[in-house]
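Novice:
In this note's numbering, the protein residues as written are 713 to 1136.
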């Protein structure tokens, strides 16, 4: 690996042991993947240490002892509780106290404690073509695909990039690795793709086919003209869940796909598919594991909901009451919750009995089977969940162990009020 003189000096200890170790980790990562050099980054989305992982908070404390600060704007992914209102999720006090340790340490290191999977909704929008590092699959795929910034799946190495401002030049940072691999012609009508759930199902279907490669979607003109931000968020999250897609292109929409040929960098696709309504229906069926229509948990906000989505939920909930015995979480971030408070949206949601939960979501919380087992909580912590997100539906089966109903937001709201799903 070719290093700059300044980088060599850091490895020799010119900026102290902490920087030396941080940069050495990145160099070793680069060498493992035959990276030719390190490059400067402009932004980092950092893997916030979660107390549900044993030793995670301790590792942050060890890192903070070097008194290093981030040298690029750095946001944080989710933690396992609501920072301002821990009791809202019912987290055990011991676990809340452990998680509480991370906030002052992040502040000491210059990290913005956003604790969200959608930092771009707070205005963290790296420029097209810029090098960044990121964790959280739905954030990574958004940065790469919709914004045209360049990032790999950073994992734990993202921490070291935040402190050094460097990352190995490899993978999706290189233009030749960003070309499309598979072509998908979307043979659907606008009414088939009119909600976050519908786009989530589309992504789930395509992700299962391409795995870790780069799909290129061709939409009918009527869909391209009316596509919404929230739909693309759901699409990307699902692509990264059923597969490990890190980048996708939509011809005429995403910045690196002015045309189909442009998305493929004038090469031929490895394979071509047509997506039909049957594929969407099959994806929905695959994500429904419920054996009864009785619901005791409703989850919206995976990825974290935008203010616009909260407004829609408030409209659907206004004047209604959540059934006793049903927990209803709508997950978002504190900045958007504050906006909802100012405009009265939060009041409408809370009067219904629903809870606006920040900084976390069900699968990142104490509701995980492993955490419930450690604290002597009920397993599974909920019996049957309904959600509009294939990402959440996929993960709750493995991590919480409950049954799942995947349906649209109207069905989710109705289930919260009635305690059961109609037309099950």
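For each residue, glycine too, the CB sits at the ideal point set by N, CA and C.
Relative to the C-alpha of residue 1028, which candidate in 834, 1094, 1124 and 808 has its C-alpha closest?
Specialist: 1124
Novice: Are the segment 866-884 and the segment 780-789 touching, with three or more C-beta to C-beta distances below 8 Å?
Specialist: yes
Novice: Applying the 10 Å Cβ sphere with the 16-neighbour rule, what's the burial state of residue 744?
Specialist: exposed
Novice: Spatial neighbours of residue 1136 within its chain, please: CB distance less than 7 Å, with the 5 preceding and 5 following residues excluded, ordered by chain position.
Specialist: So the list reads 1005, once near-sequence residues are dropped.
Novice: Between 871, 900 and 864, which has its C-alpha nearest residue 886's C-alpha?
Specialist: 864
Novice: With 16 other CB atoms within 10 Å as the buried threshold, where does residue 891 fall?
Specialist: buried
Novice: For residue 810, which residues in the same chain have their Cβ closer than 8 Å to its Cβ, ignoring the five residues on either side in sequence?
Specialist: 763 and 769
Novice: Determine the extent of the alpha helix (DSSP H) in which residue 812 is found, giving its start and end residues.
Specialist: 805-812
Novice: Where does the unbroken alpha helix (DSSP H) through residue 1125 begin, and where does it stop?
Specialist: 1121-1130
Novice: If we ignore side chains and look at the alpha-carbon of each, how far apart do residue 850 and residue 950 end up?
Specialist: A straight-line Cα-Cα distance of about 8 Å links residue 850 and residue 950.
Novice: DSSP three-state label for residue 902, please.
Specialist: DSSP places residue 902 in helix when its eight states are reduced to three.
Novice: In this structure, what does DSSP give as the bridge partners for residue 916?
Specialist: Beta-bridge pairing links residue 916 to no other residue.
Novice: What distance in whole Å lies between the Cβ atoms of residue 1118 and residue 996, which are believed to be in contact at a cut-off of 8 Å?
Specialist: 6 Å
Novice: At which residue ranges does the segment 922-988 contain complete alpha helix (DSSP H) runs of 4 or more residues, listed in the order of the chain?
Specialist: 933-936, 941-954 and 972-975
Novice: With distance defined between alpha-carbon atoms, name the residue in 958, 880, 870 and 846 nearest to residue 747.
Specialist: 880
Novice: Go ahead and label residue 856 buried or exposed: buried means 16 or more other beta carbons lie within 10 angstroms of its beta carbon, across all protein chains shown.
Specialist: buried
Novice: Taking 8 Å as the threshold, find out whether the segment 956-975 comes into contact with the segment 921-934 through three or more Cβ pairs.
Specialist: Touching, yes.
Novice: Under three-state DSSP, which class holds residue 1136?
Specialist: Of the three classes helix, strand and coil, the one that applies to residue 1136 here is coil, per DSSP.
Novice: Any C-beta of chain C sitting closer than 8 Å to the C-beta of residue 1090?
Specialist: This model lacks chain C altogether; it includes just one protein chain.
Novice: On the premise that residue 1038 lies in contact with residue 1131, defined as a C-beta separation below 8 Å, what is that separation, rounded to the nearest angstrom?
Specialist: 5 Å
Novice: Please go through the same chain and pick out, in chain order, the residues whose beta-carbon is closer than 6 Å to the beta-carbon of residue 897, but skip the five residues on each side of it.
Specialist: 930 and 986
Novice: Is residue 1023 helix, strand or coil by DSSP?
Specialist: helix
Novice: For residue 977, does the count of other Cβ atoms within 10 angstroms reach 16, so buried, or fall short, so exposed?
Specialist: exposed
Novice: Can you check whether the CB of residue 1017 is closer than 8 Å to the CB of residue 1034?
Specialist: no
Novice: Work out the CA separation of residue 866 and residue 1030 for me, nearest whole Å.
Specialist: 41 Å
Novice: For residue 1045 versus residue 788, is the C-beta distance shorter than 8 Å?
Specialist: no
Novice: Check residue 759 in the structure and name its three-state DSSP category.
Specialist: In the structure shown, residue 759 adopts coil according to DSSP, grouped into three states.
Novice: Hey, out of 1120, 1062, 802 and 766, whose CA is closest to residue 1093's CA?
Specialist: If we check each option's Cα against that of residue 1093, 802 comes out closest.
Novice: Give me the Cβ distance between residue 1075 and residue 1097, rounded to the nearest whole Å; I'm assuming they're in contact under 8 Å.
Specialist: Rounded, the Cβ-Cβ distance is 10 Å, inconsistent with contact.
Novice: Please go through the same chain and pick out, in chain order, the residues whose beta-carbon is closer than 6 Å to the beta-carbon of residue 741, but skip the five residues on each side of it.
Specialist: 869 and 880
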